[in-house]
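Protein chains in written order, with this note's numbering: chain A, 318 to 491; chain B, 12 to 361.
One structure below.
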Amino acid sequence: MSSLLAPDAVDAALHQLESHLADQFAGASSPLALVGIRTGGAVVAKALQERLTARGVACELGLLDITLYRDDALAQGANALLLGTDLPFDVEGRQVVLVDDVLFTGRTIRAALDAICDLGRPGRVHLAVLLDRGGRELPIAADFVGATVDVDADQRLVLQGDDALEVALQPFSR
Amino acid sequence: MTPTAVPPSGAPSPVVSGEGRAVRAEGLSTRHLLGIEGLTADDVDLLLRNAKVFSQLYQRSRKKVPTLAGHTVVNCFFENSTRTRMSFELAAKRLSADTINFSGSTSSLKKGETFLDTARTIESYRPDILVLRHGSAGACHLLTQVTQAAVVNAGDGAHEHPTQALLDAFTLLEHFGRLDDDHPQAFRLDGLSLAMVGDIAHSRVARSNFLCLRLLGAEVRVVGPATMLPVGLDSYGVQAFDDVDEALDGVSAVMMLRIQKERLNGPVLPSDAEYHAHYGLTQERAAQLGDTPVLHPGPINRGVEIAPGVADGPQSLINRQSHHGIAVRMAALHLLAKGLHRSDTGRADG
């Protein structure tokens, strides 16, 4: 895998996202409901929760598994192992911020919206993504973007690292 | 019951889970679920972990996921059933599949149609998954030869009942706190022992449980009247006892089995009351067990293999077993449907 974004670039993108979210939601009457899409979005959501909390913006964190909602859920390349959804709060009437690492075709977000709406009727769903790489196949747009990147269609972006997050490029295996 | 090779009881390959890292993608090693025989430790691990996720659906008001929308699941029950059939039907519906229940007793079998002709007729409707319960061992294997669908064995004669064993294992894992990923033996039964009591020879539940429990690392003891213990038990890695109280001494969990009267050829015991006294889980025996959990695949014959007070008592996990049946069967149906689309094990027409 080759590197696309080194840790300091990822850090800058996270900072952008964190600032946008803080501007919008600081002083809200209830804690921000961050819902990270497993697995990459969950990593970003956890990082955002830490940063926003440090800024005094109250957040609740949930993890959403969309494996069963994907339009290719039964395809050969789809994950067989389910991770499960872990939402310690009720989405009914809430302002929910769906968080993902990379926004590409938009199909993941479509699945995530279906998954969230099966759990209740949110008041509003916003979308925050670390990276927007364009290439939409559905009419989906992010409300908050950390950074935009331009990569070839045959490359996938992989968020990795434990303490220092970085983004690598890997060819799609199809 | 003929003995087969003991499956290896080693731990499955590690699941590299956790956010941001790879997860096991492939699926089951088999395109049908005909028995625990033929499943690897990895397969059982995958089924149980997915069952845990499906069990989260019970908490929701909308207990459904769209995954099998457009797929057809046919329940082909040539033998009576309450819980298994309803459980499979609900499991399929909660996956958004279309379901049909075929019941042998109300079908054209009564007009002399053969099993295979029945199967061919059902096949003409292009089902995706067939769930079969039949009185003859090997019926589901025969069915795989006339269908492109994935086949699930819901009980074939006295041979196997794999989803029962999986839900029994799931119930034990839940009871002993091993559904928690942080437990050192998460999704394993190492260090635990189960005593199965009763009509072992005619029980497909017993056979599937031997295989499944051993794959998960549990120790298995069996006890019953000599007329109900088959030969070759040691080849399953199972320890046979003559005396019930000895078998239950120090055991982690107990499973009581119903006398399979519908499968017996001739009398094998004097009376139900005598059976209850010698081999039944009486109130006295249950008291001796303390808080040791009691399982039973159902249906129960109150007062025969188990005292009513015990079946309804605090040690009983019988209702947990039924409860978990749906989640376990959803896990099986999801993975089999996914297997239909694989180039190595899937259907010829993709």
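Ideal placement from N, C-alpha and C gives every residue a C-beta, glycine not left out.
Computed from a prediction, not measured in an experiment: that's the story for all the values here.
Between glycine 38/B and leucine 58/B, the alpha-carbon positions lie close to 9 Å from each other.
Comparing alpha-carbon positions, the option among Thr356/A, Leu436/A, Gly451/A lying closest to serine 72/B turns out to be Leu436/A. At a cut-off of 7 Å between beta-carbon atoms, glycine 401/A makes contact with chain B.
Spanning the alpha carbons of histidine 170/B and glutamate 454/A requires a straight line of approximately 50 Å. Just so you know, the alpha carbons of threonine 370/A and proline 138/B end up roughly 52 Å apart. When the five nearest sequence neighbours on each side are left out, the beta carbons in the same chain lying within less than 6 Å of the beta carbon of glycine 320/B are those of Gln294, in order along the chain. Within the model, the alpha-carbon separation for asparagine 164/B versus leucine 415/A is close to 41 Å. Taking 9 Å as the Cβ-Cβ cut-off, the region 374-408 of chain A approaches chain B at Leu380, Asp382, Thr384, Leu385, Tyr386, Arg387, Ala390, Leu391, Ala392, Gln393, Gly394, Ala395, Asn396, Ala397, Leu398, Leu399, Leu400, Gly401, Thr402, Asp403, given in chain order. Under DSSP, asparagine 312/B takes part in no beta bridge, so it has no partner.
Contact between leucine 420/A and arginine 450/A holds, with the beta-carbon distance rounding to 7 Å and staying under 8 Å. Neighbours of aspartate 435/A in chain B, taken as residues whose beta carbon is under 9 Å from its own, are Arg71, Arg73, Lys75, Val76, Pro77 in chain order. By the neighbour-count criterion, in which a residue is buried when 16 or more other Cβ atoms sit within 10 angstroms of its Cβ, histidine 307/B is buried. Against chain A, the CB of arginine 353/B has a partner CB under 7 Å away; the residue lies at that interface. Per DSSP, proline 173/B is one residue of the alpha helix (DSSP H) stretching across 173-186. Only Leu57, Arg60, Asn61, Lys63, Val64, Phe65, Gln67 from the region 41-67 of chain B bring a Cβ to less than 8 Å from some Cβ of chain A. Under the three-state reduction of DSSP, leucine 399/A is assigned to coil, being neither helix nor strand. No Cβ-Cβ contact shorter than 7 Å links alanine 258/B with methionine 239/B.
Taken residue by residue, none of the region 182-205 of chain B has a beta-carbon sitting less than 8 Å from a beta-carbon on chain A. The CB of alanine 348/B comes closer than 8 Å to the CB of Leu391 in chain A, given here in chain order. For secondary structure counted as the beta strand (DSSP E) over 3 or more consecutive residues, the region 360-433 of chain A holds these complete runs in sequence order: 376-381, 412-420. From the listed residues Leu292/B, Phe89/B, Thr110/B, the smallest Cα separation to serine 118/B is found for Phe89/B. Sorting Phe126/B, Thr125/B, Tyr69/B, Ile140/B by C-alpha distance to the C-alpha of glycine 81/B places Ile140/B at the top.
Cβ contact annotation for alanine 464/A (same chain, cutoff 6 Å, sequence separation greater than five): Ala330, Leu448, in chain order. Of Glu100/B, Leu292/B, Glu285/B, the smallest CA-CA separation from asparagine 112/B is found for Glu100/B. Distance from the CA atom of alanine 176/B to the CA atom of arginine 144/B, rounded to whole angstroms, is 15 Å.
A straight-line Cα-Cα distance of about 13 Å links aspartate 325/A and alanine 485/A.
Secondary structure at glycine 81/B: coil, using DSSP grouped into helix, strand and coil.
Against chain A, a Cβ distance below 8 Å from glycine 324/B picks out nothing, because the smallest value is about 32 Å. The Cβ of glycine 38/B sits closer than 7 Å to at least one Cβ of chain A. Spatial neighbours of leucine 68/B in its own chain (CB-CB distance under 6 Å, excluding positions within 5 residues in sequence) are listed in chain order as Lys74. Looking at the DSSP output, arginine 473/A sits in a beta bridge with Gln487/A. Checking the DSSP bridge columns, you'll see phenylalanine 113/B partnered with Cys87/B. In this structure, the CA atom of lysine 363/A is about 26 Å from the CA atom of aspartate 388/A. Distance from glutamine 332/B to threonine 182/B at the Cβ level is roughly 5 Å; contact confirmed, criterion being Cβ atoms closer than 8 Å. Considered as a whole, the region 216-302 of chain B harbours 255-259, 283-290, 294-300 as its complete alpha helix (DSSP H) runs of no fewer than 4 residues, in chain order. In its chain, beyond the 5 residues on either side, Phe65, Ala102, Arg105, Leu106 have a beta carbon closer than 7 Å to the beta carbon of methionine 341/B.
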